Ligand code: SF4
Ligand code: SF4
Ligand code: SF4
Ligand code: SF4
Ligand code: SF4
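Protein chains in written order, with the numbering used here: chain D, 22 to 322; chain H, 48 to 369; chain Y, 2 to 119.
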């Protein structure tokens, strides 16, 4: 069954709204009601982690039953959120999609090198084996997978959803990959001074828009420590030292919780390498054996 | 009109740096640490130029609990020179000027603006999200600039627009030559070419009503504030005291109407508690209320909010441009 | 020489108190008493570090914490923080965790003297 059929069936079964993707070129999240079911799509540009919306503005409490479309990486968030009792399991219907990897739309525009925006109906994109095939107005372009794939997808361990109620498409057979913390190890091999130099250059850029926090599906505290005035752990001024405080605290709060969906790094307007920080924490958490103490997410439970 | 051969670019910047703090374009922002050749190529940095006249964090004064002393932050005396600032960013500063100089003149802003010289550059190669021509400016809009430049093949041709601008060109006179007639013609051609390249939309602001359907897009907004922090015309700020045990500082920082905290009142009531209300506020402020007040849009068409919105919310779509 | 902030749990605090006649603490050392080390917010530690103070957390031995897990939590938190600091190129030795029982006040006081002189 394809996505739309699945969605139709779910609406019939009493799901009120499905959080999914819409558009071919201009891909956006959509909160689809039953009459908009035809808008739902999935293609390699569906980069967003939609589980973030489940915890926003008390959304789960307002609706009886919500459907949510997840890729492999996004599905891990659901497990983590359930572990934290963010909502009850019977409120949500997880529509899992085995995923071959996603891409940044800007990269395609860059590669095609055309100036104008494409209309949704003249644009087609899909995976064909190890190639990405893009069709624009009848013209077709091909890109090799490893050239265009998002970094996080290159080391993805779970292309198949680890939790789902309905599956759209077939499970993917993929050689087992393992996160090896390559980038983290690279930084670790630098000297203390070099590391400091690297990081101040990055931290100085941060404009503290807090997009990385807002987009994170696991940053959903109702009263965030950053908004607290008494005690004020992070001052409002946007300066190097306060930025460092912010980034240490953000990464730390996600210790053993971050599922590595990469959303924080993707949204950052000034391209801070936030995944590096997250991965470092993940690596140390593993090393220190925290996961025995604090409940780990059991992948594939 | 004067011309500078690009071979002399390094010397040109060097000469200017003797007298001014020269800021130019890097990938992220306007910075004193830039690459001469690259700065010419980059269309516009991620952050807008408003930072120079309206910094994200601006110290106003320091106070001290023990001596009961207040030290007002000193005025800036040196002059900044913004090299190759683009029309839309200058336009942004013109718009800020309207706001900060209405009724009461904001001294901090005025001081910074007076101490800044704008050497603008026409855009030869607009990007996919530029839409300046739809909000009544062009890729060669000059208002507010002191010197206006166009990059033509191997040379840059200059036109001084103000007294300050003349002084700047005077300063680097040794490197300049007269522009040839061909070059002047070519520049005009480039201007028109760029103007045609920018996508033009017919905005329909009448659809921006209080309970319009267009606001439904706010369902997917993350209220992250990227759109407001990167925008050259957004100007909301907050003034707060930062305390360090026995002393403190009053600073002005950017704020964003996209945050729920922004309108939160001490009583706990929040008039704009939902993302819908906040997105509506941002767009209506730019395209309806600002227009009523100053008879122009508070948008320069730079497209930053469209390019960098993490969930692809497009102002162009909201305004019915597509 | 920067300021040193010492978070002491009840046990370590009494320990320090008991030896206060025997050994003096340096001026820059500020002792903050907390009920249990497990309750020290790591944000507070970060804040102190960035306001250029050094931080010591002193609390019960790991299996001797009256709140069962407090000391262990603190130990893990400090260890993780130290590794992160190192990663971003800061001096990890500015944060220390010490296991101090009520009878080890002297050890703590001596350590603080040494630490503050560093
Ligand atoms: S990380 Fe894995 S599941 Fe997630 S988008 Fe990439 S390939 Fe798909
Ligand atoms: S998204 Fe980027 S710029 Fe914004 S707060 Fe996070 S790191 Fe800073
Ligand atoms: S910290 Fe970043 S990578 Fe980790 S869960 Fe949050 S958004 Fe995803
Ligand atoms: S950038 Fe996009 S998601 Fe973020 S606040 Fe603006 S409209 Fe919302
Ligand atoms: S509203 Fe968007 S396009 Fe208009 S000036 Fe601001 S950032 Fe640029």
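Every residue gets a Cβ at the ideal spot worked out from N, C-alpha and C, and that includes glycine. Treat the numbers as computed from the prediction; the structure is a model and nothing was measured.
Q.
Measuring only from the beta carbon, is residue 283 of chain D closer than 6 Å to any heavy atom that is part of ligand 3?
A. yes
Q. Under 7 Å between C-beta atoms, does residue 289 of chain H make it to chain D?
A. yes
Q: Using only alpha-carbon positions, find the residue among D:225, D:62, D:131 that is nearest to residue 23 of chain D.
A: D:62
Q | Any C-beta of chain Y under 7 Å from that of residue 229 of chain D | A | no
Q) Alpha carbon to alpha carbon, how far is residue 71 of chain Y from residue 95 of chain Y? A) 21 Å
Q) Can you pull the DSSP bridge partners for residue 35 of chain Y? A) Y:10
Q.
Quick check: is any heavy atom of ligand 2 less than 6 Å from the C-beta of residue 291 of chain D?
A. yes
Q: Please name the residues in the stretch 71–96 of chain H whose beta-carbon is closer than 9 Å to at least one beta-carbon of chain D, in chain order.
A: 74, 75, 76, 93, 94
**Q.** Cβ neighbour criterion (16 or more within 10 Å) applied to residue 370 of chain H
**A.** The displayed coordinates of chain H run from 48 to 369. Any statement about residue 370 of chain H would go beyond what the structure contains.
Q) Which residues bound the beta strand (DSSP E) around residue 319 of chain H? A) Unbroken run through residue 319 of chain H: none, as it is neither H nor E.
Q: Check the Cβ-Cβ distances between residue 172 of chain D and every residue of chain H, and say whether any is below 7 Å.
A: no
Q: Examine chain Y for any beta-carbon lying closer than 7 Å to the beta-carbon of residue 317 of chain D, and answer yes or no.
A: With a pLDDT of only 40 at residue 317 of chain D, under 50, the local geometry of the prediction cannot be trusted, and the value read off the model is given with reservation. Cβ-Cβ to chain Y under 7 Å: no for residue 317 of chain D.
Q) Which residues share a DSSP beta bridge with residue 110 of chain H? A) H:117, H:295
Q | DSSP state of residue 109 of chain D mapped onto helix, strand, coil | A | coil
Q: Using only the heavy atoms of ligand 5, determine whether one of them is closer than 6 Å to the beta carbon of residue 278 of chain H.
A: yes
Q. Terminal residues of the continuous alpha helix (DSSP H) containing residue 58 of chain H?
A. 56–66
Q) Mind checking if residue 254 of chain D is an interface residue toward chain Y, Cβ cutoff 7 Å exclusive? A) yes
(Q) Give me, in chain order, the residues of the same chain whose beta-carbon lies closer than 6 Å to that of residue 284 of chain D; leave out the 5 immediate sequence neighbours on both sides. (A) 70, 236
Q.
What residue range does the alpha helix (DSSP H) around residue 198 of chain H cover?
A. Careful: residue 198 of chain H lies outside any alpha helix (DSSP H), inside the beta strand (DSSP E) at 194–199.
Q) Is any heavy atom of ligand 3 found at a distance shorter than 6 Å from the C-beta of residue 275 of chain D? A) yes
Q.
Can you check whether the C-beta of residue 120 of chain H is within less than 7 Å of a C-beta belonging to chain D?
A. no
(Q) If you measure between the beta carbons of residue 357 of chain H and residue 136 of chain H, is that distance less than 7 Å? (A) no
(Q) To the nearest angstrom, how far is the alpha carbon of residue 322 of chain D from that of residue 158 of chain D? (A) Bear in mind that the predicted position of residue 322 of chain D carries a pLDDT of just 28, short of 50, making it too unreliable to give a figure here.
Q: Indicate whether at least one CB of chain D lies closer than 7 Å to the CB of residue 203 of chain H.
A: no
(Q) Going residue by residue through the stretch 259–284 of chain H, where are the continuous alpha helix (DSSP H) segments of at least 4 residues, counting only ones entirely within it? (A) 273–277
Q) Could one say the Cβ of residue 235 of chain D lies closer than 7 Å to chain H's Cβ atoms, at least one of them? A) yes
Q.
So, for residue 297 of chain H: in the same chain, excluding its five sequence neighbours on each side, which residues have a beta-carbon less than 6 Å away from its beta-carbon?
A. 107, 108, 288
Q | heavy atom of ligand 5 below 6 Å from residue 271 of chain D C-beta | A | no
Q. Going straight from the alpha carbon of residue 10 of chain Y to that of residue 36 of chain Y, what length do you get?
A. 5 Å
Q | Where the beta strand (DSSP E) containing residue 171 of chain D begins and where it ends | A | No beta strand (DSSP E) contains residue 171 of chain D, which DSSP labels as neither H nor E.
Q. Comparing the CB of residue 239 of chain D with every heavy atom of ligand 3, is any distance shorter than 6 Å?
A. yes
(Q) With distance defined between alpha-carbon atoms, name the residue in D:255, D:126, D:84, D:210 nearest to residue 87 of chain Y. (A) D:210
Q. Among D:253, D:186, D:36, D:132, which has the Cα closest to the Cα of residue 267 of chain D?
A. D:253
**Q.** For residue 131 of chain H: DSSP bridge partner residues
**A.** Answer by DSSP bridge pairing: none, since residue 131 of chain H is not bridged.
Q.
Going by DSSP in three states, residue 85 of chain D sits in which element: helix, strand or coil?
A. coil
Q: Verify the contact flag: residue 270 of chain H, CB atom, against every heavy atom of ligand 4, threshold strictly below 6 Å.
A: yes
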